[in-house]
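*Asks:* Residue 288 in this note's numbering sits at position 286 of the sequence shown; the count goes up by one each step and never skips. Shown below is the structure under consideration.
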Amino acid sequence: MLQVQNISFSYLNEITIDSLSFLLEKGNSLAIIGESGCGKSTLLKLIYGLYDLDDGQIFWNNSAVLGPKFNLIPGMPYMKYLAQDFDLMPFITVAENIGKYLSNFYPEEKKERIAELLEIVEMSEFATVKAKFLSGGQMQRVALARVLALEPEVLLLDEPFSHIDNFRKNSLRRKLFAYLKEKKITTIVATHDSTDVLSFADDVLVMKKGQICTQGSPNELYINPQSKYVASLFGDVNELQGHFLDSKDTQYLYPHQLKVTEVSKLKATVTHSYFRGSHYLIEAIYENGVLFFEHEKELIPGYVLFLDRR
């Protein structure tokens with residue numbers, strides 16, 4: 003189990019992580035989400051032991067995670083951390099980069115392990131290509147394979163799919179998270195991508211200004227967001243006062259949760275229609291501002307309609 007106990011950290015006297023605590027069971031996947039600058043990347047570095055804590059403690063299976071004051075080479079040996087810069091060696095091949103930390107004592111086993119990792123990140127055809135000739139997305143996939151090479155107990159990923167094309171990203175995500183779950187590798191992912199959260203995380207930690215806003219399962223946080231901030235991390239969201247929807251409380255609704263109806267208290271005028279493939283995202287104005295909803299057809303600007311919750 004990973005235990006983060008009341009930790010705090012400051013950059014140049016500016017608090018970046020403020021009295022933060024959570025637990026993560028072995029083999030589970032935790033997604034950390036929040037606005038840019040909220041402390042997600044810093045938290046990963048503290049868990050890995052790259053910085054010294056101002057206060058608090060971090061434990062993995064009752065062993066303390068210690069920073070540079072205690073380790074000649076920062077970082078814990080049973081963890082791997084993939085930052086947003088990939089740190090590949092440009093003048094050696096993809097296969098050599100992945101196998102850099104694997105033992106040469108059993109060359110056949112090493113070769114098989116490299117081939118397995120190349121398959122996971124869909125880079126088998128680039129095994130003999132030097133890293134300097136790769137695109138940013140290809141480098142990111144090689145870097146992913148390299149941190150998996152020695153099967154760490156804890157894997158820390160900072161925006162792991164940010165450079166990868168959308169057509170390949172979904173397939174890679176499925177393969178990677180299935181592998182991590184099969185090997186029972188405890189994983190923490192700092193991400194802006196809601197797909198990383200909703201489809202693959204066991205638990206979600208929402209950060210704002212160095213603190214935890216809320217924590218829960220992806221399902222809980224998506225269906226019942228406690229604030230517009232939390233809901234907005236999963237996409238467009240409408241903040242509607244309760245009286246529009248016959249409710250006492252303010253409602254946070256995603257575009258697909260609104261429908262056109264014959265009459266309601268929520269009257270809106272269409273301003274734009276955005277084609278999304280299977281539907282249109284409609285932007286409209288109502289008495290309190292702008293809202294968004296989904297519709298199967300394009301609607302012309304100026305069209306007046308009524309909306310209700312699905």
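All C-beta atoms, glycine included, are put in the ideal place defined by N, C-alpha and C.
(1) Flag this pair as touching only if the stretch 166-175 and the stretch 41-50 have three or more C-beta atom pairs under 8 Å; answer yes or no.
(2) In three-state DSSP terms, what is I35?
(3) Which residues mark the beginning and the end of the beta strand (DSSP E) in which V6 is found?
(4) How long is the line joining the alpha carbons of L136 and T18, rounded to whole angstroms?
(5) Skipping 5 residues on each side, what residues in its chain have a beta carbon closer than 6 Å to that of D1?
(6) Which residue wins for smallest C-alpha separation from L283, given the options V206, Y83 and K299?
(7) Could you say if the stretch 72-83 and the stretch 148-157 meet the contact criterion of at least three C-beta pairs nearer than 8 Å?
(8) Among the candidates D20, Q5 and K185, whose CA atom is the shortest distance from the CA of F11?
(9) Could you tell me which residues DSSP puts in a beta bridge with E27?
(10) Keeping to the same chain, check which residues put their C-beta closer than 8 Å to that of K261; ignore five residues upstream and five downstream.
(11) Report the three-state DSSP secondary structure of S196 (helix, strand or coil).
(12) Rounded to a whole number of angstroms, what is the C-alpha to C-alpha distance between K267 and E27?
(13) Got a sec? Which residues, its chain only, sit under 7 Å from G58 by beta carbon, not counting five neighbours each side?
(14) Take V232 and list the residues in its own chain whose beta-carbon comes closer than 7 Å to its own, dropping the five residues that flank it on each side.
(15) When you compare only the Cα positions, how much space is there between F93 and K132?
(16) Let me confirm a value: E285 is counted as buried when at least 16 other C-beta atoms fall within 10 Å, else exposed. Which label applies?
(17) For V239, which option in V292, I190 and T271 has the closest C-alpha, if you only look at C-alpha atoms?
(18) Can you check which of these residues, G101, D87 and T197, is closest to E153 by C-alpha distance?
(19) Hey, how far is the Cα of S249 from the Cα of V206?
(20) Based on the DSSP secondary-structure assignment, which residues constitute the bridge partners of V265?
*Replies:* In brief:
(1) no
(2) strand
(3) L4 to Y13
(4) Linking L136 to T18 through their CA atoms gives a straight-line distance of about 35 Å.
(5) Given a span of 3 to 312 for the chain in the structure shown, any question on residue 1 remains unanswerable.
(6) Measuring from the Cα of L283, the nearest candidate turns out to be K299.
(7) yes
(8) D20
(9) As DSSP reads the structure, E27 sits in no beta bridge.
(10) So the list reads F295, L309, D310, R311 and R312, once near-sequence residues are dropped.
(11) In this structure, S196 counts as helix in the three-state DSSP scheme.
(12) 46 Å
(13) Q7, N8, I9 and S10
(14) V208, C215, T216 and L223
(15) The straight-line gap from Cα to Cα measures roughly 6 Å.
(16) The residue in question, E285, is buried, as its Cβ has 16 or more Cβ neighbours within 10 Å.
(17) In this structure, V292 is the residue among V292, I190 and T271 with its C-alpha nearest to the C-alpha of V239.
(18) The candidate whose alpha carbon is nearest that of E153 is G101.
(19) 28 Å
(20) The beta-bridge partner set that DSSP reports for V265 is empty.
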